[in-house]
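In what follows, a single structure is set out as structure tokens and then discussed.
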Amino acid sequence: MKFVYALFFITLAGGLCAQTETIDSLKNTVENYQANDTAKVDLMQDLAEEFLAEDLEKAIEWTSKSMKLSEKLSYGLGFFNGWLLKGSISAQQSANDSAIFYFNKAVGIAKNINNNSALYNAYNQIGLFFRQNEQFDSTLHYYEKALNLIDEKYSDDRFYLLQQIAVVHYNLGNFETTIEFVQKGIKLSKQTGETDHRMGFINLMAASLKRKGDIDSALYYFRQIVELTDDEENFDKLSAYNNIANIYGDRGNYPKALDYYLLTLKTAEKLEHERAMSVTYNNIAIVYYTLKDYPQTIKYLQKSLSISQKVNDKPNIVNTMNNIGELYLKQDSLGKALEYYNEASKIIKRIKAPYYLTHNLLGKAAIFDKRNINDSAKHYYKQALELTEKLNAREERADSHIGLAEFYLKRGKYELSSKHAEKAFQIARELGKVETIREAAGILHRANAKLVKIQEAYKYLKVYTEMNDSLLNADNTKEITQLEMQYQHEKELQEIEAQEAIREAQRQKEIARQKGIRNAFIVAFVLVVFIVVLVVRYSRQKQKANSLLAYQKAEIEEKNEELQQLMGEISRQKDQIESSHNQITDSIRYAEKIQNALFPIHADLKQYFEDFFIYYQPLKIVSGDFYWVEKVHNHLLIAVADCTGHGVPGAMMSMLGISYLNDITRQPEVKMPEQVLEKMRNRVKRSLHQTGDVREARDGMDLAFIDIDVQRNSLNFAGANNPMIIIRNGEVIEFEPDKQPISVYQKEQPFHSQSFQLKKDDSIYLFTDGYRDQFKGAEGKKYGKKRFLELLISIHTKPFSYQKTALEKEMRQWMGEKANQIDDILVAGFKW
Numbered sequence: 000m001k002f003v004y005a006l007f008f009i010t011l012a013g014g015l016c017a018q019t020e021t022i023d024s025l026k027n028t029v030e031n032y033q034a035n036d037t038a039k040v041d042l043m044q045d046l047a048e049e050f051l052a053e054d055l056e057k058a059i060e061w062t063s064k065s066m067k068l069s070e071k072l073s074y075g076l077g078f079f080n081g082w083l084l085k086g087s088i089s090a091q092q093s094a095n096d097s098a099i100f101y102f103n104k105a106v107g108i109a110k111n112i113n114n115n116s117a118l119y120n121a122y123n124q125i126g127l128f129f130r131q132n133e134q135f136d137s138t139l140h141y142y143e144k145a146l147n148l149i150d151e152k153y154s155d156d157r158f159y160l161l162q163q164i165a166v167v168h169y170n171l172g173n174f175e176t177t178i179e180f181v182q183k184g185i186k187l188s189k190q191t192g193e194t195d196h197r198m199g200f201i202n203l204m205a206a207s208l209k210r211k212g213d214i215d216s217a218l219y220y221f222r223q224i225v226e227l228t229d230d231e232e233n234f235d236k237l238s239a240y241n242n243i244a245n246i247y248g249d250r251g252n253y254p255k256a257l258d259y260y261l262l263t264l265k266t267a268e269k270l271e272h273e274r275a276m277s278v279t280y281n282n283i284a285i286v287y288y289t290l291k292d293y294p295q296t297i298k299y300l301q302k303s304l305s306i307s308q309k310v311n312d313k314p315n316i317v318n319t320m321n322n323i324g325e326l327y328l329k330q331d332s333l334g335k336a337l338e339y340y341n342e343a344s345k346i347i348k349r350i351k352a353p354y355y356l357t358h359n360l361l362g363k364a365a366i367f368d369k370r371n372i373n374d375s376a377k378h379y380y381k382q383a384l385e386l387t388e389k390l391n392a393r394e395e396r397a398d399s400h401i402g403l404a405e406f407y408l409k410r411g412k413y414e415l416s417s418k419h420a421e422k423a424f425q426i427a428r429e430l431g432k433v434e435t436i437r438e439a440a441g442i443l444h445r446a447n448a449k450l451v452k453i454q455e456a457y458k459y460l461k462v463y464t465e466m467n468d469s470l471l472n473a474d475n476t477k478e479i480t481q482l483e484m485q486y487q488h489e490k491e492l493q494e495i496e497a498q499e500a501i502r503e504a505q506r507q508k509e510i511a512r513q514k515g516i517r518n519a520f521i522v523a524f525v526l527v528v529f530i531v532v533l534v535v536r537y538s539r540q541k542q543k544a545n546s547l548l549a550y551q552k553a554e555i556e557e558k559n560e561e562l563q564q565l566m567g568e569i570s571r572q573k574d575q576i577e578s579s580h581n582q583i584t585d586s587i588r589y590a591e592k593i594q595n596a597l598f599p600i601h602a603d604l605k606q607y608f609e610d611f612f613i614y615y616q617p618l619k620i621v622s623g624d625f626y627w628v629e630k631v632h633n634h635l636l637i638a639v640a641d642c643t644g645h646g647v648p649g650a651m652m653s654m655l656g657i658s659y660l661n662d663i664t665r666q667p668e669v670k671m672p673e674q675v676l677e678k679m680r681n682r683v684k685r686s687l688h689q690t691g692d693v694r695e696a697r698d699g700m701d702l703a704f705i706d707i708d709v710q711r712n713s714l715n716f717a718g719a720n721n722p723m724i725i726i727r728n729g730e731v732i733e734f735e736p737d738k739q740p741i742s743v744y745q746k747e748q749p750f751h752s753q754s755f756q757l758k759k760d761d762s763i764y765l766f767t768d769g770y771r772d773q774f775k776g777a778e779g780k781k782y783g784k785k786r787f788l789e790l791l792i793s794i795h796t797k798p799f800s801y802q803k804t805a806l807e808k809e810m811r812q813w814m815g816e817k818a819n820q821i822d823d824i825l826v827a828g829f830k831w
């Protein structure tokens, strides 16, 4: 699965007639017009049409007046335009049945008076009505009827309808038909020698070719637009920039893609074209998603969705919602992902957008796949594949094969997985889609390894590594960061220039004011000279005092120079500290990767549990809390621990704990959880040289350990300060730990085990004290055990992905904006 780039192109604006006079002047003309003739009818209807956008009641009033006069004069064209106006008024009032009735009345009159021009206007207006109501089959029917009525071969109306019909077919996924109408338009524009319409047709041609998977041809046409258009602030050029960027993104050249997207964004901002800005924000988000920069991804997706909703751009609303769903899916927030996919699918059904439906189906399939709801996942994957074959959409077909390949790989059907991955690989190679090549190669490597086809596995591993390096190399990331910084810098410069222009105007105004002041000053100067003569003697008396001040000033300047040298030294030391800090942070970030690599992977946990979650939130990058899961024969062993300290010291202790657990649990003589805890305590004391001296550090860990016999559904628990909770049908069963840590302790006692018989749908919770001990805002109040248990009870019947989200949300609300996290947080939940 992957995000979907959005394409856009600017369609020709359509309308029935041009109106150049204002409402006031038209109204004045009508009221002063003495004769009751057909000209007055036309004026009344022009006024009614102006009122359509301003005041519907007035539009109805003047339409009715025009129709009464038309009836009196037996003016057929007046009746026709009157019914057409009534249809438009009803459409604006969302009275669709009435609108269709009035439009059909207009068609009947146009046929009766044998006026093809009027009939063309009626069909065009009805086509526009159905398009606004997203009934595209009817839209095409009436547009094509209108096209057949145009007598002039090279008229603007013909260009307009050819492009509108092509756009509707494009939105329906009929790319071959789109190209047929586009070719007619291009041929017509070449015969007339005009270029304005040709740009729109070429844009549609390129977009259709890209959807079909003919990327090289699409790129050729997009570049034609750039070369044929001199004006930088041009809608067709804007569209071409965006679509060229999409192609570079598909091929893994993300710096080049971002370069073109920023060019698109600058042009869209100059043109104040919000829809183009929305589409471009969506596409920029995809660049950051591919580079795994998820905060930047969601920032740009939210910008895109906000603008799309503002301008009611439904295709991009759908596309952005699909992409947000994909982002949540990537982060295992399955409930949130499904929410966005479902919202998107509601709109898809209304606007008949099969291309976006493909990605919506693939997203839902992946969610059910992760939840191990096999039948639903397989159904959606196959439905998506069938749709792509029907649409001849090769990019989406490759994505569907990828989904099925992953599905079969997880279920051990390696031959089927390899078959689908090979198909995706071939299509992606033909299209030059680097990310899809990488995904397919990765699956083929794993499938062939399982089938013991070593040479094939190695071949595809090499391809996967090459593609991965090209997508995620550091130079790409650096160049992308520089491009965005440059774009932001240019925007700041534009703002500075605007401010400078304002300041310049203020300065000129100030100069004019100063000239007036100067004239007054000359008059005053004569008086001042006289006063100066009187002051001279007094001034001489002050010279001695000034000499003393000059001496003192020199001393101050000397001290100031010494202070500047001191400040320079402080600045140098500050730079050294910052450099050291950055080096330390980088090292800790690397340590985080190492620590995370030691934790169980989610794929393994899915094999052990029907459902689960791990809510893990370190205080300082790396954590003293850790979780551990291992299966030994028919026993499932789980541990959750809280080591002394947090940050680097805590992380070092946690890695020590994981190492000890791996070793101890494989010793044949260790059969019960209390034995594991005893041996852990002995190892910690020996490793940290703890003898019991009161001056020693008491480093160690609190640990909850459970052993589940998966054949007998029996559980044994032992705890060192860490408890366990089981919730069954709303009832809490709490297992208290031994009140002693895994370390040296004044009152050391043997650890004890507690046994329990599990039942289906039992919810098991292990946790450290970080969640319960967190303070609220500025109140200094802990969350507490009681509130924590009540929260678990209220959510324990929900899916575990929902439970994790609920815990995270509750903690954010509890902390608010004023409280800082005080400890590592770890809560693990498992459904039996």
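Note that numbering that gives the first Met the number 0 gives residue 205 to position 206 of the sequence shown, counting from 1, and the numbers run on in steps of one.
Note that the Cβ used here is the ideal one computed from N, Cα and C, for glycine as well.
Quick caveat: nothing in here was measured; it's all calculated off a predicted structure.
- [ ] Taking residue 718 as part of the beta strand (DSSP E), name the residues at either end of that continuous run.
- [x] Position 719 of the sequence shown, counted from the first residue, corresponds to residue 718. Counting along the chain, the beta strand (DSSP E) containing residue 718 begins and ends at 713–719.
Open item on the list: Which complete beta strand (DSSP E) runs does the segment 623–700 hold, if anything under 3 residues is left out?
Closed with: 624–631, 634–642
TODO: Identify, in the order they occur along the chain, each residue of the same chain with its Cβ nearer than 7 Å to the Cβ of residue 787, setting aside the five sequence neighbours on each side.
DONE: The residue labelled residue 787 in the question sits at position 788 within the sequence shown. For residue 787, where only same-chain residues beyond five positions count, the Cβ hits under 7 Å are 770, 771.
TODO: Pull up the distance between the alpha-carbon of residue 496 and that of residue 224, whole angstroms please.
DONE: Sequence index remark: in the sequence shown, residue 496 carries index 497 (1-based). Sequence index remark: in the sequence shown, residue 224 carries index 225 (1-based). For residue 496, the predicted structure reports a pLDDT of 49, less than 50, and the residue's modelled location is therefore unreliable. A value from the coordinates is still provided. One C-alpha to the other measures close to 32 Å.
Task: Bridge partner(s) assigned by DSSP for residue 781 - done: Taking the first residue of the sequence shown as 1, we reach residue 781 at position 782. Per DSSP, 774.
Task: Where residue 707 sits in the DSSP three-state scheme - done: Along the sequence shown, read from residue 1 onward, the residue named residue 707 stands at position 708. Strand at residue 707.
Task: Complete runs of the alpha helix (DSSP H) confined to the segment 218–251 [at least 4 residues] - done: 234–249
Open item on the list: Here's the rule: buried if 16 or more other CB atoms are within 10 angstroms of the residue's CB, otherwise exposed. What is residue 690?
Closed with: Reading the sequence shown from its first residue, position 691 is the one you call residue 690. By the 10 Å Cβ count, residue 690 comes out exposed.
Open item on the list: Quick check on this structure: which residue in 233, 278, 377, 181 has the alpha carbon closest to the alpha carbon of residue 241?
Closed with: For the purposes of this step, residue 241 is identified with residue 242 of the sequence shown, where counting begins at 1. Between residue 241 and the set 233, 278, 377, 181, the nearest pair of CA atoms involves 278.
- [ ] Check residue 733 in the structure and name its three-state DSSP category.
- [x] Here the question's residue 733 lines up with position 734 in the sequence shown. If DSSP states are grouped into helix, strand and coil, residue 733 belongs with the strands.
Open item on the list: On the criterion of 16 or more Cβ atoms from any shown chain inside 10 Å, does residue 196 qualify as buried, or is it exposed?
Closed with: Looking up residue 196 in the sequence shown gives position 197. With 16 or more other Cβ atoms within 10 Å, it is buried.
TODO: Starting from the N-terminal side, write out each stretch of the beta strand (DSSP E) that is 3 residues or longer and does not extend beyond the segment 174–200.
DONE: none
- [ ] Count the C-beta pairs between the segment 320–328 and the segment 352–364 that are closer than 8 Å, then say yes if the count reaches three, no if not.
- [x] yes
TODO: Give every residue of the same chain whose Cβ lies closer than 6 Å to the Cβ of residue 413, excluding the five residues on either side of it in the sequence, and list them in chain order.
DONE: Here residue 413 is taken as the residue at index 414 of the sequence shown, counted from 1. Excluding positions up to five away in sequence, the list reads 446, 449, 450.
TODO: Note down the Cα distance separating residue 648 from residue 698, rounded to an integer number of angstroms.
DONE: Counted from its first residue, the sequence shown places residue 648 at position 649. Counted from its first residue, the sequence shown places residue 698 at position 699. Straight-line Cα distance between these residues: approximately 10 Å.
Task: Other residues of its chain near residue 485: CB distance less than 7 Å, five sequence neighbours each side excluded - done: Here residue 485 refers to the residue found at position 486 of the sequence shown. Any reading at residue 485 needs caution, since the residue's pLDDT is 49, under 50, leaving its predicted position unreliable; the model's value is listed next. Same-chain partners within the cutoff: there are none.
Task: Bridge partner(s) assigned by DSSP for residue 824 - done: Indexing the sequence shown from 1 puts residue 824 at position 825. When beta bridges are read from the DSSP output, residue 824 appears opposite 616.
Open item on the list: Please tell me whether residue 737 and residue 718 are closer than 8 Å, where the distance is taken between their beta carbons.
Closed with: In the sequence shown, residue 737 corresponds to position 738, counting from 1. In the sequence shown, residue 718 corresponds to position 719, counting from 1. Against a cut-off of 8 Å, the Cβ pair of residue 718 and residue 737 comes out as a contact.
TODO: Quick one: residues in its chain with C-beta nearer than 8 Å to the C-beta of residue 669, no 5 flanking neighbours on either side, listed in chain order?
DONE: Your numbering for residue 669 matches position 670 in the sequence shown. Only 663, 675, 678 meet the Cβ criterion.
Task: Coil, strand or helix - residue 610 by DSSP - done: In the sequence shown, counting from the first residue as 1, residue 610 sits at position 611. It is a strand residue.
TODO: Just the C-alpha distance for residue 744 and residue 794, rounded to the nearest angstrom, thanks.
DONE: Counting from one through the sequence shown, the residue named residue 744 turns up at place 745. Counting from one through the sequence shown, the residue named residue 794 turns up at place 795. Cα-Cα distance, rounded: 37 Å.
Open item on the list: Taking the beta strand (DSSP E) that residue 333 belongs to, which residues open and close that run?
Closed with: Counting from 1 along the sequence shown, the entry for residue 333 is found at position 334. It is not in any beta strand (DSSP E) - residue 333 instead sits in the alpha helix (DSSP H) that spans 333–350.
- [ ] Below 8 Å on the Cβ atoms is my guess for residue 400 versus residue 419; work out the distance and round it to an integer in Å.
- [x] The residue you call residue 400 lines up with position 401 of the sequence shown. The residue you call residue 419 lines up with position 420 of the sequence shown. The C-beta distance from residue 400 to residue 419 rounds to 4 Å, short enough to meet the 8 Å contact threshold.
TODO: List the endpoints of the continuous alpha helix (DSSP H) containing residue 372.
DONE: Your numbering for residue 372 matches position 373 in the sequence shown. It is not in any alpha helix (DSSP H) - residue 372 carries neither H nor E in the DSSP assignment.
- [ ] To the nearest angstrom, report how far apart residue 376 and residue 609 are at their CA atoms.
- [x] One-based indexing of the sequence shown puts residue 376 at position 377. One-based indexing of the sequence shown puts residue 609 at position 610. Rounded to the nearest angstrom, the two C-alpha atoms are 16 Å apart.
Task: residue 208 and residue 237 closer than 8 Å at C-beta - done: Translated into positions along the sequence shown, residue 208 becomes position 209. Translated into positions along the sequence shown, residue 237 becomes position 238. Contact flag unset, no.
Open item on the list: If I follow the unbroken alpha helix (DSSP H) through residue 833, where does it start and stop?
Closed with: As displayed, the chain neither begins before 0 nor continues past 831, which places residue 833 out of reach and without an answer.
TODO: In the DSSP assignment, find the beta strand (DSSP E) that holds residue 727 and state where it starts and stops.
DONE: Position 728 of the sequence shown holds residue 727. Unbroken beta strand (DSSP E) run through residue 727: 723–727.
Task: Spatial distance of residue 63 from residue 78 (CA atoms) - done: In the sequence shown, residue 63 corresponds to position 64, counting from 1. In the sequence shown, residue 78 corresponds to position 79, counting from 1. Rounded to the nearest angstrom, the two C-alpha atoms are 10 Å apart.
Task: Span separating the alpha-carbon of residue 275 from that of residue 426 - done: Taking the sequence shown and counting its residues from 1, the one referred to as residue 275 is at position 276. Taking the sequence shown and counting its residues from 1, the one referred to as residue 426 is at position 427. One C-alpha to the other measures close to 30 Å.
- [ ] Provide the residue span of the beta strand (DSSP E) that contains residue 756, from first to last.
- [x] On the sequence shown, position 757 is the one that residue 756 refers to. From DSSP, the beta strand (DSSP E) with residue 756 extends over 753–756.
Open item on the list: Taking 8 Å as the cut-off, does the segment 100–110 touch the segment 64–73 (at least 3 CB pairs, one atom from each stretch)?
Closed with: no
Task: Cβ-based neighbour list, residue 476, same chain, cut-off 7 Å, excluding 5 preceding and 5 following - done: On the sequence shown, residue 476 is found 477 positions in, with the first residue counted as 1. Unreliable positioning characterises residue 476 in this predicted model, as indicated by a pLDDT of 48, which lies under 50. The coordinate reading is nonetheless provided below. For residue 476, where only same-chain residues beyond five positions count, the Cβ hits under 7 Å are 290.
TODO: Would you identify the three-state DSSP class for residue 214, choosing helix, strand or coil?
DONE: Taking the sequence shown and counting its residues from 1, the one referred to as residue 214 is at position 215. Reduced to three states, the DSSP call for residue 214 is helix.
Task: Proximal residues to residue 346 (C-beta, below 7 Å), its chain only, five neighbours per side dropped - done: Taking the first residue of the sequence shown as 1, we reach residue 346 at position 347. The residues are 313, 316, 317.
- [ ] Spell out the partners DSSP gives residue 621 in its beta bridges.
- [x] Here residue 621 is taken as the residue at index 622 of the sequence shown, counted from 1. BP columns for residue 621 point to 619.
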